[in-house]
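Have a look at the structure below before the remarks.
Chains as they are written, first to last, in the working numbering: chain E, -15 to 248; chain Y, 26 to 283.
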């Protein structure tokens, strides 16, 4: 039965490759926590990368946040009007944007813009031997390329998420203001009235985890790119797909954990 | 082109010593018992067909790959037994010129050259860095390219800048991976001249991986002919050229017909 044995071989080889990949990814992530507290810290490169991450995504995040604020308000108004509860609109929007939409939209945009760019950049460096060139010059490429980028995304994504929430709320305010006269101050006050410290803390923590995920997935895929230019495209693509997938899984887990914390 | 090679080679002092080196990738056995010595001040050209493990050999010497079996001593240190810090200290004494130059394409020539220096020597003044960059650029004859990006350079210029980047750390050993591949004969001759100048000026010992006979003849004090994962013959060019070994004869005949 040669066909059977070939299939069995392909299956076991695939399984073997999967677990080897998991082990490699685990090792790659564990190395980050080992290296991040060691000197040198390459602060200038971290600042450069923070700037890159921020600049790359700021315009898109501003536009998306603003539109989400307007659309979400527009769609929620009729339902609340049925119960005569339009005064609850700012609180509802506040909860939706600060607790869920702001961090999630920011993370997804950053996964697309920043994750793909990190994956492609490091992938290209890998296939053109630039990473090996660093290694032979006694420069630790993991420390210089991976740690700096992961730290940068971990710092920048939460800041962008907060910014996205504020822009989203502003979009919502403009929509509310076009229907009824209200001041921006009272709108923001109402929007934050139902937000507790735990909500804000959860939202920021979530963004920190998303930022770390985007950075580590992008650098991992880039660092392990193979097969020339085709591999670079593959690394960029996989960096986006895997980061988005992990962000959704993390969202589900974090919401569950935050609810448990709230009840206890 | 015949470059006169007047250089003091100390045959009592080995800077690289390899004994019984084996390396394989999955089922493919690439190196099958390599024995080799590089003496102080000497250039050895490793000749052989593409894909027989020449580049793997120098990657093992630089600690980029680990051997499966065998011993590799560089400057009296066993490369695969060193920890990260010790390996980095050793690497500061090894210059590695990559086949495709491997210049950092997001940095201009100045930053490509200053990067290894500033990352390895702390608290260096801007003036000292500028001076070191200027010095190596002058050594490779490309002083006017200081502000250009790698994408704006020709293949030969990229190779020169790649060599300059290794020279900035003043290495004792140079490893050249196919230094003349993909270059026209005139640019190849310039690179060959540069390799010999580096040997003279910086007093380096070098391993030059090549399949180019002209490069091997004009840069190597000795030629090491590699085939089937081991060295068939090591000696001066005439000794290797006049060898009765069928594989060596075949390699030389093919190259001359070409």
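Cβ atoms here follow ideal geometry from the backbone N, Cα and C, with glycine treated the same way. Keep in mind it's a predicted model, so treat the numbers as computed, not measured.
Which residue wins for smallest C-alpha separation from residue 20(E), given the options 69(E), 136(E), -6(E) and 176(E)?
In the first chain, counting from the first residue as 1, residue 20(E) sits at position 36. Its Cα nearest to that of residue 20(E), the residue 136(E) stands out among 69(E), 136(E), -6(E) and 176(E).
Determine the closest residue to residue 211(E) out of 92(E), 68(E), 111(E) and 155(E), with distance taken between C-alpha atoms.
Residue numbering aside, residue 211(E) sits at position 227 when the first chain is read from its first letter. Among 92(E), 68(E), 111(E) and 155(E), the Cα nearest to that of residue 211(E) is on 111(E).
Could you name the residues of the stretch 42 to 57 of chain Y whose beta carbon sits closer than 8 Å to any beta carbon of chain E, in the order they occur along the chain?
none
Helix, strand or coil for residue 234(Y) per DSSP?
Mapped onto the second chain, residue 234(Y) falls at position 209. It is a strand residue.
Got a sec: is the Cβ-Cβ distance from residue 121(Y) to anything in chain E below 8 Å?
Your numbering for residue 121(Y) matches position 96 in the second chain. Answer yes: the Cβ-Cβ gap between residue 121(Y) and chain E drops below 8 Å somewhere.
Using a Cβ cut-off of 7 Å, which residues of the stretch 108 to 142 of chain E contact any Cβ in chain Y, in chain order?
112, 113, 114, 116, 117, 119, 120, 121, 122 and 123
Comparing the C-beta of residue 144(Y) with each C-beta of chain E, is any distance below 8 Å?
Mapped onto the second chain, residue 144(Y) falls at position 119. Contacts with chain E at 8 Å (Cβ-Cβ) include residue 144(Y).
Looking at the structure shown, is residue 80(E) part of a helix, part of a strand, or coil, going by DSSP?
Translated into the one-based positions of the first chain, residue 80(E) becomes position 96. If DSSP states are grouped into helix, strand and coil, residue 80(E) belongs with the helices.
Beta-carbon proximity of residue 232(Y) to residue 46(Y), cut-off 8 Å
Taking the second chain and counting its residues from 1, one reaches residue 232(Y) at position 207. Taking the second chain and counting its residues from 1, one reaches residue 46(Y) at position 21. No; because the gap between Cβ atoms is not below 8 Å, this pair is not in contact.
With distances taken from CA atoms, which of 219(Y), 200(Y) and 260(Y) is nearest residue 117(Y)?
Numbered from 1 along the second chain, position 92 holds the residue referred to as residue 117(Y). It is 200(Y).
Looking at residue 9(E) and residue 204(E), is the spacing between their C-beta atoms short of 8 Å?
Taking the first chain and counting its residues from 1, the one referred to as residue 204(E) is at position 220. Taking the first chain and counting its residues from 1, the one referred to as residue 9(E) is at position 25. Yes, they are a contact pair.
Listing by chain order, which chain E residues have their CB less than 9 Å from the CB of residue 129(Y)?
Residue numbering aside, residue 129(Y) sits at position 104 when the second chain is read from its first letter. Residues of chain E passing the Cβ test: 109, 114, 117 and 118.
By the three-class DSSP mapping on this structure, what secondary structure does residue 47(Y) have?
Residue mapping note: residue 47(Y) aligns to position 22 of the second chain, counting from 1. Residue 47(Y) falls in the strand class under three-state DSSP.
For residue 192(Y), the first and last residue of its enclosing beta strand (DSSP E):
Here residue 192(Y) is taken as the residue at index 167 of the second chain, counted from 1. First-last for residue 192(Y): 180 to 192, but that is the alpha helix (DSSP H), not the beta strand (DSSP E).
Could you tell me whether the Cβ of residue 70(Y) comes closer than 8 Å to any Cβ of chain E?
As a working note, residue 70(Y) is residue 45 in the second chain. It does not; no Cβ of chain E falls within 8 Å.
Run down chain E in chain order and give the residues with a C-beta less than 7 Å from the C-beta of residue 113(Y).
In the second chain, the residue the question calls residue 113(Y) occupies position 88. The contacting residues are 122.
Between which two residues does the alpha helix (DSSP H) containing residue 224(E) stretch?
Locating residue 224(E) in the first chain gives position 240, where the first residue counts as 1. Note, residue 224(E): alpha helix (DSSP H), 212 to 247.
What residues from chain E crowd round residue 87(Y), counting only those whose CB sits closer than 7 Å?
The residue labelled residue 87(Y) in the question sits at position 62 within the second chain. Result: 120.
Taking the CB atoms as reference points, tell me whether residue 220(Y) and residue 235(Y) lie closer together than 8 Å.
On the second chain, position 195 is the one that residue 220(Y) refers to. On the second chain, position 210 is the one that residue 235(Y) refers to. With contacts defined as CB atoms closer than 8 Å, residue 220(Y) and residue 235(Y) fail to qualify as a contacting pair.
Helix, strand or coil: which one does DSSP assign to residue 98(Y)?
Residue 98(Y) sits at position 73 when you count from the first residue of the second chain. Residue 98(Y) falls in the strand class under three-state DSSP.
Length of the line joining the Cα atoms of residue 172(E) and residue 217(E):
Taking the first chain and counting its residues from 1, the one referred to as residue 172(E) is at position 188. Taking the first chain and counting its residues from 1, the one referred to as residue 217(E) is at position 233. Their Cα atoms are separated by approximately 43 Å.
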